[in-house]
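Peer 1:
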Amino acid sequence: MISESIPGTHAVLRMKKITLPVAIALSACAGLPAGTQGASDIRGVQSPSSLQTPYVTPTAPDWHVTSIISAGDAADNGYKMVGIPDGLGAYDNGNGTFTVLINHELGASDGIERAHGATGAFVSEWVINKADFKVISGADLATTHLVWNSSANRYETATGVVNRFNRLCSADLPADSAFYNRASGKGTMVRLFMTGEEAGTEGRAYALIATGTNKGTAYELPKLGKFSWENSLANPYSGDRTIVIGTDDSTPGQVYIYRGAKTDSGLQIDKAGLTNGTLAGIKLASNPGMTGNLESGQINGTFSTVAVDTSVDGATQQANSRSAGITEFARPEDGHWANAKTFYFVTTGADPDGPGAVGTQPARLYKLVFDEAGGEVDYSSGSIAMVKDSSTLMGTDGQIARKFDNITVGEDGKVYIQEDGGDSAYISKTWMFDPVANSWAQILESDRARFLAPAAPFNHDEESSGIIEITSILRRNDGRRYFLSTMQAHYVIPGELVQGGQLYLISASTEP
49 MISESIPGTH AVLRMKKITL PVAIALSACA GLPAGTQGAS DIRGVQSPSS
99 LQTPYVTPTA PDWHVTSIIS AGDAADNGYK MVGIPDGLGA YDNGNGTFTV
149 LINHELGASD GIERAHGATG AFVSEWVINK ADFKVISGAD LATTHLVWNS
199 SANRYETATG VVNRFNRLCS ADLPADSAFY NRASGKGTMV RLFMTGEEAG
249 TEGRAYALIA TGTNKGTAYE LPKLGKFSWE NSLANPYSGD RTIVIGTDDS
299 TPGQVYIYRG AKTDSGLQID KAGLTNGTLA GIKLASNPGM TGNLESGQIN
349 GTFSTVAVDT SVDGATQQAN SRSAGITEFA RPEDGHWANA KTFYFVTTGA
399 DPDGPGAVGT QPARLYKLVF DEAGGEVDYS SGSIAMVKDS STLMGTDGQI
449 ARKFDNITVG EDGKVYIQED GGDSAYISKT WMFDPVANSW AQILESDRAR
499 FLAPAAPFNH DEESSGIIEI TSILRRNDGR RYFLSTMQAH YVIPGELVQG
549 GQLYLISAST EP
């Protein structure tokens, strides 16, 4: 087991490795009322499975953090936590444990050969005790990788370099209702972990079977298109329809919407409606926030959708999208459905030398609201509103917010947004937006002892990622909300681990 450490002057701030009984008691602090954590433990507490204190610290009252497992740590069965953790999914096992799925955003040639037979990115699966967050077991989720052969019109086992996943980024384990309509019986109740490769124009979309008899099979989803995937977000309110929004994390990139139909036959991905639909790109009506089809300012207005041919390669799809005038944002990042017709997404922004000469663009939070027609949501048109420009948001340290990255809409309707500060002395933060009160609060930031004036192995290059809410999974009924998140610590670790990283729990009271 590899333990990352903070040498020198930072050692005084580290919690030592604690014995199991103490760890259990301390990790419970994540669920206790305000005041249970004093100034001496501002850096949080550790689960029995983490050799590291949390890589983030609270910056708002009553927020608590517990590190669950860090790169180099191992579950009870010996399975190691690898670095660059990103998108997450979780579900209740009904026996006092829950399962967490984690994307590891490795390059195609990084790391060791995984269970599906190749190096590169992969999805890890962890079984965690609800009571103390001890990690009981870990494993690779994907054991079979199937890609689509368009010439033969069938799925085939991936071989050679094609078998390597390349930078699996954000992820979505949507509610059952995204792929199963209880009213009609169409679809599948098997859980599908949705993700894609943030690997340039040829990035592939995937559904990984997370439960059931075919668990461990990863299916390429060509109908969803090829681009530099940030995330693949399925609408859990879509009835017999299957609606998935894909965000293209390119400079600049598009926002695509897939529309399919649930069925009652075929493979699980067929039943889910992921193989019979069509793709379209969001095209904004001309407005002052755009230069041509490029985002060059704050965009507000209406949009339509333009059909996209997914039978071509990714480079051709990109060229076709541009010629069709599909709007190109300054790097669309993560998104989340708030309800049947409302979708939030963020953009990272653009540097001055980016394509189109649109200049420096700050990060932004956008809201799409789809139209209604005939008593149903019409996913072919709607409106867009710029909710927040990062240049108008200041952290508790006096620094202007930047580079929005991963988000989630909580069960309370609030939007939680994380930053990727890049390789700089800027400390990345996590924000909470309340749409009802139209208020913003900084709730977390990267650990300054590790990432502001770093000592080896840590550096300035860190980002929080993959935030999801698990309050309904833990079912503690203690008046608190619980979230899981990951931290990518971008320093090199040779061999299997590749880089640093951590899975951690955050919580706060549900009271204002």
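Residues in the sequence shown are numbered consecutively from 49, following this note's numbering.
By construction, the Cβ of each residue, glycine as well, lies at the ideal position given by its N, Cα and C atoms.
In this text the structure is predicted, and so the values were computed from the model without any measurement.
Hey, how far is the Cα of Asp318 from the Cα of Glu204?
Peer 2: Going from the Cα of Asp318 to the Cα of Glu204 covers about 16 Å.
Peer 1: Return the residue from the list Ser520, Gly294, Ser95, Lys415 that minimises the CA-CA distance to Tyr530.
Peer 2: Ser520
Peer 1: Going by other Cβ atoms of all chains shown within 10 Å of its Cβ, with 16 needed for buried, is Ile184 buried or exposed?
Peer 2: exposed
Peer 1: To which residues of the same chain is Ser199 closer than 8 Å at the C-beta, ignoring the five residues directly before and after it?
Peer 2: none
Peer 1: Going straight from the alpha carbon of Leu281 to that of Gly126, what length do you get?
Peer 2: Near 33 Å, if we compare the C-alpha coordinates of Gly126 and Leu281.
Peer 1: What is the rounded straight-line gap between the Cα of Thr456 and the Cα of Pro222?
Peer 2: 12 Å
Peer 1: Which residue wins for smallest C-alpha separation from Glu245, given the options Leu272, Ala226, Thr259?
Peer 2: Leu272
Peer 1: Which partner residues of Gln490 appear in the DSSP bridge assignment?
Peer 2: Paired residue(s): Trp479.
Peer 1: Can the beta-carbon of Leu256 be found less than 7 Å from the beta-carbon of Leu189?
Peer 2: yes
Peer 1: Below 8 Å on the Cβ atoms is my guess for Ser95 versus Asp180; work out the distance and round it to an integer in Å.
Peer 2: Contact flag correct, Cβ pair sits at about 7 Å.
Peer 1: If I'm right that Ser428 touches Thr353 with Cβ under 8 Å, what's the distance once you round it to whole angstroms?
Peer 2: 5 Å
Peer 1: Under three-state DSSP, which class holds Asn177?
Peer 2: Strand.
Peer 1: For Asn348, which residues of its own chain have a beta-carbon under 6 Å away from its beta-carbon, when the five flanking residues on both sides are left out?
Peer 2: Ala433, Met434
Peer 1: Closest by CA to Gln490, which one among Tyr267, Gly233, Phe481?
Peer 2: With respect to the C-alpha of Gln490, the residue from Tyr267, Gly233, Phe481 having the closest C-alpha is Phe481.
Peer 1: Name the residue from Ser225, Asn211, Gly235, Arg230 whose alpha carbon lies nearest to the alpha carbon of Tyr267.
Peer 2: Asn211
Peer 1: Using 7 Å as the threshold, is the C-beta distance between Ile132 and Leu154 below it?
Peer 2: A Cβ-Cβ contact shorter than 7 Å links Ile132 with Leu154.
Peer 1: According to DSSP, which residues form a beta bridge with Ile291?
Peer 2: Arg307
Peer 1: For the alpha helix (DSSP H) that Leu189 lies in, which residues bound it at each end?
Peer 2: From DSSP, Leu189 is part of no alpha helix (DSSP H); its letter is neither H nor E.
Peer 1: In this structure, how does DSSP classify Leu327 when only helix, strand and coil are distinguished?
Peer 2: strand
Peer 1: Taking DSSP as the reference, what is the three-state secondary structure of Lys128?
Peer 2: DSSP places Lys128 in strand when its eight states are reduced to three.
Peer 1: Measure from the alpha carbon of Thr105 to the alpha carbon of each residue in Phe377, Leu522, Ser512, Gln366, then state which is nearest.
Peer 2: Ser512
Peer 1: If I measure Cβ to Cβ from Asp419 and keep anything under 7 Å in the same chain, skipping five residues before and after, which residues do I get?
Peer 2: In the same chain as Asp419, and ignoring 5 residues on each side of it, the C-beta atoms closer than 7 Å to its own belong to Asp426, Ser429, Gly430, in chain order.
Peer 1: Determine whether the beta carbon atoms of Glu517 and Glu459 lie at a separation below 7 Å.
Peer 2: yes
Peer 1: Is the distance from the Cβ of Thr295 to the Cβ of Gly308 below 7 Å?
Peer 2: no
Peer 1: When you compare only the Cα positions, how much space is there between Ser313 and Thr261?
Peer 2: Going from the Cα of Ser313 to the Cα of Thr261 covers about 16 Å.
Peer 1: Got a sec? Which residues, its chain only, sit under 6 Å from Gly373 by beta carbon, not counting five neighbours each side?
Peer 2: Lys331, Asn341
Peer 1: Give a yes or no on whether the C-beta atoms belonging to Gln550 and Ser172 are separated by under 7 Å.
Peer 2: Cβ atoms of Gln550 and Ser172: not closer than 7 Å.
Peer 1: Which partner residues of Ile432 appear in the DSSP bridge assignment?
Peer 2: Ile432 pairs with Gly349, Leu416.
Peer 1: What do you reckon, are the CB atoms on Ala411 and Phe452 nearer than 7 Å?
Peer 2: yes
Peer 1: Quick one: grab the DSSP three-state call for Ile257.
Peer 2: Note: Ile257 maps to strand in three-state DSSP.
Peer 1: How many angstroms separate the CA atom of Ser51 from the CA atom of His152?
Peer 2: With a pLDDT of 32 at Ser51, under the threshold of 50, the modelled position of that residue is not reliable, and no figure is offered here.
Peer 1: Counting only the same chain and skipping the five closest in sequence on each side, list residues whose C-beta sits under 7 Å from that of Thr236.
Peer 2: Phe227, Tyr228, Gln316, Lys319, Ala320
Peer 1: Quick check on the burial criterion: 16 or more other C-beta atoms within 10 angstroms. Buried or exposed for Val546?
Peer 2: buried
Peer 1: Under 7 Å between the Cβ atoms of Ala219 and Thr243?
Peer 2: Using a Cβ distance threshold of 7 Å, Ala219 and Thr243 count as a contacting pair.
Peer 1: Val540 to Gly383, Cα distance in whole Å?
Peer 2: 29 Å
Peer 1: Taking only runs that begin and end inside the stretch 488-529, name each unbroken alpha helix (DSSP H) of 4 or more residues, in chain order.
Peer 2: Here the runs fully enclosed are 496-499, 519-522.
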